[in-house]
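A quick write-up on the structure given underneath.
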Amino acid sequence: MSGGGKKRKNDELDLPYLRKIVSRRTALSTAAKVGITAVVVGAIAGVGGYLAGSAAAPSRVTKTVTTTKSVGAATATETATVTKTATKTVEKTVTVTSTPTVTPTKEMFKGVKITVATLACGEIDVSGVCYWYAKKFKELTGGEMEVIEIPYGDLHVKILADVTTGAGKYDIFEPMSFLMGDLLAGDYVWCIDQWIDDPRFPKWYPEDVPYPIAIQSRWGGHWYGVPLDCDAWFLFWNMRYMNKWLRDKDKRREFKDKYGYELNPYKWLRDRELTWQKVRDMAEFFTGWDWNEDGEPDYGIVMALKSGEQGPYWWDSFVAPFVVSPGPMMDRYHNIFWHDPETMEPLLKHPGFVEGTKLFYEINKKCGPPEAISFSFAEIYDFYLMKQKAMFLTGPPDPFSYAGYPEWSRLRGYQMTAPIPGSEIFYDREEGRLIERTNLIGNASGGSWHFWISKLSKHPEACYWISAYMATPKEHLETTSYKYFPTGVDPGFRTDLLRDYGGKATLADFNLPGDFKDPGYPKAKYNEADLRRGHIAVHNNYYAMDGQYTYYRTPGAAAVLTIIDTHIIGELMTGAIGVEEALDRCYREIEKLIDEYGREKLADWYQKSINYGKPNPYRRELWIWDDRVVPKDLIFD
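Be aware that the sequence shown starts at 0, since it is given in numbering that gives the first Met the number 0, and climbs by one per residue.
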């Protein structure tokens with residue numbers, strides 16, 4: 000592996016190296032607190048038009064599935080159960096539209112030099128991806144791409160300063176996606192629609208990008224960015240020890256005696272019944288005793304709650320199923336998370352946010368390590384993957400990808416990946432009451448680093464060429480599968496996922512022979528079962544939840560996330576204030592921010608960003624379950 004990891008004594012991870020690997024996830028620092036709001040105040044101008052239609056149109060995949068329906072009290076659930084038997088109860092015929100071969104001449108951009116501003120990670124992770132493709136850009140077109148690494152604390156401020164002052168130092172930007180509204184507010188970036196189907200450029204397929212990721216590059220029915228990363232928050236658990244204790248009848252009886260129901264996580268996941276309330280009980284059950292047999296008490300769950308980083312994404316993905324009411328329209332009461340779209344009033348004090356935040360606080364304080372308030376990504380990955388001190392972890396897809404690396408993990412073959420849990424209650428603002436029904440809300444939390452082309456660039460077509468090349472099916476699959484090094488770029492495009500789960504990739508693309516045979520690392524970066532579980536979770540999160548909550552990308556989004564970080568992560572989670580006070584402080588500061596920006600202008604932007612008044616672009620697909628990837632004896636029907 001390029002830049003391979005190192006072990007320290009006692010088999011701990013080399014944390015300085017792992018911190019470098021995940022440095023792109025350091026977030027929400029001075030950039031948001033100082034630069035973002037100051038740069039764009041007064042610059043808001045409409046781009047025009049609503050986000051029309053679904054960015055995730057049906058993929059070029061045809062499939063025949065056998066569905067089983069479980070009818071609950073209020074909704075019907077359809078699950079596509081994937082099995083491989085002699086009779087093949089489920090068959091999938093996948094028609095793959097091949098990518099047209101791009102044969103640029105080596106003279107195409109000879110003499111052209113472009114620059115890309117990206118997060119400083121060295122020759123790994125997102126900046127490493129830029130270095131890798133700079134070489135290919137030179138080889139294929141004759142052009143040069145200079146990679147300018149910028150520390151996170153300066154990245155977004157420098158990008159906005161570059162465009163607002165007219166300096167034009169950067170041709171391409173690769174910021175976190177919350178900067179989208181700020182870039183569009185001043186008309187600073189190119190609309191790329193004109194180039195997408197132009198045969199001069201590499202062909203990527205916008206319809207293969209899941210809706211929650213696509214909207215981070217789309218506005219008003221048009222494409223402005225080229226998608227790369229597909230961040231989302233997931234739930235992970237340690238199958239080695241979960242399975243061990245599920246087979247212990249005494250432990251299962253102990254759980255049932257305490258909580259009044261059977262410990263049955265695989266069945267809950269299969270049947271779309273996995274909720275934060277159940278995870279809370281499981282996390283409490285696995286806290287305070289030596290379930291990993293290392294001689295010390297262990298914990299139920301771990302999250303990275305260090306203030307000044309990405310704590311808000313742990314919180315918003317957690318509370319979303321308490322808050323979002325799915326529906327067919329993007330109206331005042333359905334598919335809404337942050338604001339009342341008519342008034343821009345923050346919704347933080349309504350009962351859904353209160354109930355969700357209370358449980359977020361409780362599960363971390365009762366079931367997580369006290370030191371989690373100082374943990375960032377490297378520490379939680381060490382705690383969960385190598386030390387195996389927490390049964391559950393929530394976060395971006397990194398653990399799914401890192402599980403196969405012996406330098407970082409002891410969980411190869413034992414990594415469970417699931418969509419973020421739902422909630423058994425959610426607040427219906429239209430009815431003004433809490434609804435008791437399982438509500439599953441998908442997310443695209445995180446950075447999701449995409450490419451944007453500055454209107455100050457003298458070579459926008461060269462910028463688009465290399466951005467599009469990275470998004471072509473072959474290149475994107477190689478990047479998200481960590482073929483050349485740990486890229487930190489997460490899968491989500493249809494072309495990234497296995498054919499069994501609605502995608503277009505094969506096991507051979509991951510150097511896996513099939514039949515669940517593991518050739519081991521480094522020949523294969525993934526164990527097959529881990530890979531399948533991860534791809535099922537990615538599909539279900541992006542395509543099969545009850546609803547999605549819209550990524551926050553209006554102007555000033557970074558400032559709002561910093562307010563959340565200050566009061567919920569920095570104050571509530573350290574015990575300085577209570578839940579209601581934390582939410583009230585956030586409410587008051589966001590209201591002040593909205594007034595400073597201009598309430599009517601922000602309301603217009605917010606409505607356009609969520610496709611307000613239009614049909615919901617998200618179309619739910621079948622929930623996928625593959626009964627080969629979990630032990631059948633551990634599903635207690």
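Where is the CB? At the ideal position from N, CA and C, for every residue including glycine.
Would you kindly report the start and end of the unbroken alpha helix (DSSP H) that includes residue i?
i      : result
Ser422 : Looking at the DSSP string, Ser422 is not in any alpha helix (DSSP H); the run it does join, the beta strand (DSSP E), is Ser422 to Asp427.
Tyr605 : Arg598 to Ser608
Phe352 : Pro350 to Cys366
Tyr401 : Asp397 to Tyr401
Ala557 : Ala556 to Ile563
Val188 : No alpha helix (DSSP H) contains Val188, which DSSP labels as neither H nor E.
Tyr463 : Pro459 to Ala470
Gly513 : Counting along the chain, Gly513 falls outside any alpha helix (DSSP H), and DSSP gives it neither H nor E.
Using CA atoms only, rank isn't needed, just tell me which of the options is closest to residue i.
i      : options                           : result
His221 : Phe484, Val188, Ile335 and Arg239 : Val188
Lys607 : Gly412, Arg584, Phe376 and Asp330 : Asp330
Leu392 : Pro405, Lys266, Pro420 and Glu406 : Pro420
Met343 : Pro311, Asp594 and Asp636         : Asp594
Asp489 : Thr164, Arg217 and Cys229         : Cys229
Tyr204 : Gly513, Gly519, Phe635 and Ala467 : Ala467
Ser408 : Pro395, Phe382 and Arg432         : Phe382
Phe172 : Cys120, Pro325 and Val115         : Val115
Met241 : Trp218, Leu227, Trp290 and Arg532 : Trp290
Ala558 : Ile589, Leu530, Glu580 and Val537 : Ile589
Count the other CB atoms within 10 Å of the CB of residue i; is the residue buried (16 or more) or exposed (fewer)?
i      : result
Trp541 : In the sequence under discussion, the amino acid at residue 541 is Tyr, which differs from the Trp named in the question. Classification of Tyr541: buried, given that the 10 Å Cβ count is 16 or more.
Gln309 : buried
Glu474 : buried
Pro616 : buried
Lys277 : buried
Ala443 : buried
Pro554 : buried
Gln193 : exposed
Lys631 : exposed
Gly287 : exposed
Ala575 : exposed
Pro512 : exposed
Ala389 : buried
Gly501 : buried
Glu295 : exposed
Asp625 : buried
Gly445 : buried
Ser373 : exposed
Ala528 : buried
Lys202 : buried
Tyr169 : buried
Asp196 : exposed
Identify whether residue i lies in helix, strand or coil by the three-state DSSP scheme.
i      : result
Val322 : helix
Phe450 : strand
Leu497 : strand
Asn237 : strand
Phe200 : coil
Ile379 : helix
Ile535 : helix
Leu392 : strand
Met328 : strand
Ala371 : helix
Trp337 : coil
Asp625 : strand
Arg246 : coil
Arg269 : helix
Ala282 : helix
Gly48  : Below a pLDDT of 50, predicted positions are generally treated as unreliable, and Gly48, at 26, falls in that range; the measurement from the model is reported next regardless. Looking at Gly48 - three-state DSSP - the assignment turns out to be coil, as it is neither helix nor strand.
Pro345 : strand
Ala184 : helix
Pro614 : strand
Gly504 : Residue identity differs from the one stated: residue 504 is Ala in this sequence, not Gly. The answer is strand: DSSP assigns Ala504 an E or B state.
List the DSSP bridge partners of residue i.
i      : result
Glu664 : With the chain represented from 0 up to 636, any question about residue 664 goes unanswered, as that position is not in the structure.
Gly441 : Gln547
Met179 : Looking at the DSSP assignment, Met179 forms no beta bridge with any residue, so it has no partner.
Ile434 : Phe425
His475 : According to DSSP, His475 bridges with nothing at all.
Thr416 : Phe235
Gly224 : Trp451
Phe172 : Ala116 and Trp451
Val301 : Leu392
Trp218 : His221
Thr274 : Gly421
Is there a Cβ of chain B sitting closer than 9 Å to that of residue i, yes or no?
i      : result
Thr486 : Absent here is chain B; the protein component of the structure consists of one chain.
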